[in-house]
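Novice:
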Amino acid sequence: MLNDAVSGIASTVLAYGEACDEVDVCDRDGNRTDTLMVGRGGHYFVENDVSTGVSSSDFSYGDPGDRVLAGRWSDGQAGDTLGVRRGSDDFGGSWPAAQAWFEWSVATYGSDVAQLDGDDDGEACDALRR
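The sequence shown runs -11 to 118 under our numbering.
#1: Is the stretch 57 to 76 close to the stretch 3 to 21, with three or more CB pairs under 8 angstroms?
#2: Tell me, to the nearest whole angstrom, how far the beta carbon of glycine 29 is from that of tyrosine 49; I am working on the premise that it is less than 8 angstroms.
#3: If you reduce the DSSP assignment to three classes, tell me which class glutamate 91 lands in.
#4: Taking C-beta to C-beta, are tryptophan 92 and cysteine 113 nearer than 8 angstroms?
#5: Among Asp51, Tyr32, Ser62 and Ala58, whose alpha-carbon lies nearest the alpha-carbon of arginine 74?
#6: When the distance is taken between beta carbons, is aspartate 22 closer than 8 angstroms to tyrosine 32?
#7: Using CA coordinates, which residue listed in Glu10, Thr0, Gln87 and Val11 is at the minimum distance from glycine 128?
#8: Beta-carbon separation of aspartate 105 and phenylalanine 90 under 8 angstroms?
#9: CB arginine 55 to CB valine 72, shorter than 8 angstroms?
#10: Quick check on the DSSP output: what are the complete beta strand (DSSP E) runs of length 3 or more inside the stretch 28 to 63, in order along the chain?
#11: Can you tell me whether threonine 96 is helix, strand or coil according to DSSP?
#12: Does aspartate 54 get closer than 8 angstroms to chain D when you measure Cβ to Cβ?
See below:
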């Protein structure tokens, strides 16, 4: 983890979860402190401090194949909550629209924030191209 935007060198390094886990960093309880959560096949493990070890809590969420996202979805919301991205219907079945949004998000945020490129081939929503 990096505590400043100057050095580019991690100030804290820790192991949490397994190599195939999806990691989210979010403020679930609204205390303005981000903590770790990893997802493994629809089951989520939450750690309320920045340390290794057994999770503080765990739960199941969403359906198989969902991409779970953490964020503040409304104005004035305290803390982050979970939402799901299910399928590629957000783009009206249009691969060019999905690809344009994917490229914009990578250019703007530096990553595929909506996880549209499931196989890391640089193309969004492969199922729409079929």
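Idealized CB from N, CA, C, for every residue including glycine. In this text the structure is predicted, and so the values were computed from the model without any measurement.
Specialist: This is what the structure holds:
#1: yes
#2: Contact doesn't hold; Cβ gap of about 11 angstroms is too wide.
#3: Glutamate 91: helix per DSSP, three-state reduction.
#4: no
#5: Considering only alpha carbons, the answer is Asp51.
#6: no
#7: No information on residue 128 is available, as it lies outside the stretch -11 to 118 that the chain covers here.
#8: yes
#9: yes
#10: 31 to 35, 45 to 48 and 55 to 59
#11: Note: threonine 96 maps to helix in three-state DSSP.
#12: The structure shown has no chain D; it contains just one protein chain.
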